[in-house]
Amino acid sequence: MNEILRALHERKSVRLYEDRPVPDSVKAAVLEAAVQAPTAGNQQLYTILDITDPQLKHALSITCDNQPFIAQAPMVLVFLADCKKWYDAYHYADCSPREPGVGDLLLAVSDANIAAQNAVTAAESLGLGSCYIGDIMEHAAEQRRLLHLPDYVFPAAMVVFGYPTEQQRRRPKPTRCPMEQIVHENGYRILDETELRHMLEDKAGQKPYEAWLNAFCQRKYNSAFSREMTRSVAAYLRQYQMSEED
């Protein structure tokens, strides 16, 4: 296994960090790796926010489901799906552009998340732990205010970084689902109840499968934060859908 594959296999979410800063040279290397990511039409339909203000990090730790480790992380990056900058450039050059639509948004989200994963992989190679924060999509009005987000700019992902504590380095990585349930050949195949159970039952550990799955559903899928995320994403989507209806 080469070094890149080893890093991809070993990387896990890290939420506890040593009390030491990330050197500027390391941050620069992570950011440079991010912007080298594959991108649709070489457009780089994203903007990366380097969050250095401690008060802003604290605010984000509250709006992102009250997670204090976000405020304590030495390095915080927000990856924005940015449909605005090219749209503005088209206007400045009198290209008569149509308004951005939902297809443009999804393409920009892909660009932003690919760049984020490049950053995460680079960080792993440099000894940094990382954790994706999907909650940045919640509380749309508040996040837009905190991050000064205009129309056609969507917070696709936040990632926090730091040097993992010894306990975090030693913590086993959670197992992933069996390949035969994840990889389908040539077309989508609906999994039956038995296959779905086989795919998920290892995650239950020592708990009865149905009890674990019910608890997981209530904690994640049916949770207040999940419903809030759906509400907020719908609020972001409205600006794109309105342009298509016009």
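Taken in order, the sequence shown gives residues 1 to 246; the numbers are from this note's numbering. The C-beta atom is built at its ideal place from N, Cα and C for all residues, glycine as well.
TODO: Give the straight-line distance between the Cα atoms of D192 and H184, rounded to the nearest whole angstrom.
DONE: On the sequence shown, residue 192 is found 192 positions in, with the first residue counted as 1. On the sequence shown, residue 184 is found 184 positions in, with the first residue counted as 1. Approximately 14 Å between the Cα atoms of the pair.
Open item on the list: Extract the residue ranges of the beta strand (DSSP E) inside the segment 117 to 203, only unbroken runs of 3 or more that lie entirely within it.
Closed with: 129 to 133, 153 to 162
- [ ] Hey, could you find the ends of the beta strand (DSSP E) Y46 is sitting in?
- [x] In the sequence shown, residue 46 corresponds to position 46, counting from 1. Start and end: 46 to 51.
Task: Residue environment, M1, which counts as buried when at least 16 other CB atoms sit within 10 Å - done: Residue mapping note: residue 1 aligns to position 1 of the sequence shown, counting from 1. Under this definition M1 is an exposed residue.
- [ ] From the DSSP output, read off the bridge partner residues of M75.
- [x] Position 75 of the sequence shown holds residue 75. F161, per the DSSP bridge assignment.
- [ ] Spatial neighbours of P54 within its chain, please: CB distance less than 8 Å, with the 5 preceding and 5 following residues excluded, ordered by chain position.
- [x] The residue labelled residue 54 in the question sits at position 54 within the sequence shown. Around P54: A71.
- [ ] Tell me whether S61 sits in a helix, a strand or coil according to DSSP, three-state version.
- [x] As a working mapping, residue 61 is identified with position 61 in the sequence shown. In the structure shown, S61 sits in a helix (DSSP, three-state: H, G or I).
Task: Any non-hydrogen atom of the ligand ADP closer than 8 Å to P23 Cβ - done: Looking at this structure, you won't find the ligand ADP or any other ligand, since it has none at all.
Task: Where D94 sits in the DSSP three-state scheme - done: Numbered from 1 along the sequence shown, position 94 holds the residue referred to as residue 94. In the structure shown, D94 sits in coil (DSSP, three-state: anything other than H, G, I, E or B).
- [ ] Measure the C-alpha to C-alpha separation of Q117 and A28 and round it to an integer number of angstroms.
- [x] Along the sequence shown, read from residue 1 onward, the residue named residue 117 stands at position 117. Along the sequence shown, read from residue 1 onward, the residue named residue 28 stands at position 28. Cα to Cα, the separation comes out at about 15 Å.
Task: E124 and L8 closer than 9 Å at C-beta - done: Position 124 of the sequence shown, counted from the start, is the residue given in the question as residue 124. Position 8 of the sequence shown, counted from the start, is the residue given in the question as residue 8. Yes; because the gap between Cβ atoms is below 9 Å, this pair is in contact.
- [ ] List the endpoints of the continuous alpha helix (DSSP H) containing V30.
- [x] Taking the first residue of the sequence shown as 1, we reach residue 30 at position 30. From DSSP, the alpha helix (DSSP H) with V30 extends over 24 to 35.
Task: Cβ neighbour criterion (16 or more within 10 Å) applied to H148 - done: Taking the sequence shown and counting its residues from 1, one reaches residue 148 at position 148. So H148 ends up on the exposed side.
Task: Where the alpha helix (DSSP H) containing N214 begins and where it ends - done: Residue numbering aside, residue 214 sits at position 214 when the sequence shown is read from its first letter. Residues 209 to 216.
Task: Between the CA atoms of V160 and A73 - distance to the nearest angstrom - done: Residue 73 sits at position 73 when you count from the first residue of the sequence shown. Residue 160 sits at position 160 when you count from the first residue of the sequence shown. Their Cα atoms are separated by approximately 6 Å.
- [ ] Could you spell out where the alpha helix (DSSP H) holding R11 opens and where it closes?
- [x] For the purposes of this step, residue 11 is taken as residue 11 along the sequence shown, with counting starting at 1. Segment: none, R11 is in no alpha helix (DSSP H) and carries neither H nor E.
Open item on the list: Excluding the 5 residues flanking E18 on each side, which residues of the same chain have their C-beta closer than 8 Å to its C-beta?
Closed with: Walking along the sequence shown from the start, residue 18 turns up at place 18. Result list for E18: G162, Y163, P164, T165, in chain order.
Open item on the list: For C131 and Q241, what's the separation of their Cα atoms in angstroms?
Closed with: Against the sequence shown, residue 131 aligns to sequence position 131. Against the sequence shown, residue 241 aligns to sequence position 241. The straight-line gap from Cα to Cα measures roughly 31 Å.
Open item on the list: Given this structure, state the Cα-to-Cα distance separating Y188 from T52, to the nearest angstrom.
Closed with: Reading the sequence shown from its first residue, position 188 is the one you call residue 188. Reading the sequence shown from its first residue, position 52 is the one you call residue 52. So the two alpha carbons sit approximately 43 Å from each other.
- [ ] Could you say which of F69, P21, E142, G103 lies nearest to R239 if we only look at CA atoms?
- [x] For the purposes of this step, residue 239 is taken as the residue at position 239 of the sequence shown. Sequence inspection shows Gln at residue 239; the Arg mentioned does not correspond to that position. Answer by Cα proximity: G103.
Open item on the list: Quick check: the Cα distance between P23 and I48, rounded to an integer number of angstroms?
Closed with: As a working mapping, residue 23 is identified with position 23 in the sequence shown. As a working mapping, residue 48 is identified with position 48 in the sequence shown. Going by the C-alpha atoms only, they are around 18 Å apart.
Open item on the list: If contacts are defined as beta-carbon pairs under 8 Å, then V78 and I136 qualify, I think. What distance do you get, rounded to the angstrom?
Closed with: The residue you call residue 78 lines up with position 78 of the sequence shown. The residue you call residue 136 lines up with position 136 of the sequence shown. That belief holds up - the Cβ atoms of V78 and I136 are roughly 6 Å apart, short of 8 Å.
Task: Distance between H198 and A141 (C-alpha atoms, nearest Å) - done: On the sequence shown, residue 141 is found 141 positions in, with the first residue counted as 1. On the sequence shown, residue 198 is found 198 positions in, with the first residue counted as 1. Rounded to the nearest angstrom, the two C-alpha atoms are 41 Å apart.
- [ ] Give me the Cβ distance between L107 and A157, rounded to the nearest whole Å; I'm assuming they're in contact under 8 Å.
- [x] Here residue 107 is taken as the residue at index 107 of the sequence shown, counted from 1. Here residue 157 is taken as the residue at index 157 of the sequence shown, counted from 1. Actually they are not in contact, since the Cβ atoms of L107 and A157 sit about 15 Å apart, beyond 8 Å.
TODO: Would you grab the beta carbon distance between R15 and F69 for me? Rounded to a whole angstrom, and I think it's under 8 Å.
DONE: If you number the sequence shown from 1, residue 15 lands on position 15. If you number the sequence shown from 1, residue 69 lands on position 69. Right, their Cβ atoms sit about 5 Å apart.
Task: Sub-9 Å separation of G129 and Q168 beta-carbons - done: Residue 129 sits at position 129 when you count from the first residue of the sequence shown. Residue 168 sits at position 168 when you count from the first residue of the sequence shown. Cβ distance < 9 Å, so G129 and Q168 count as in contact.
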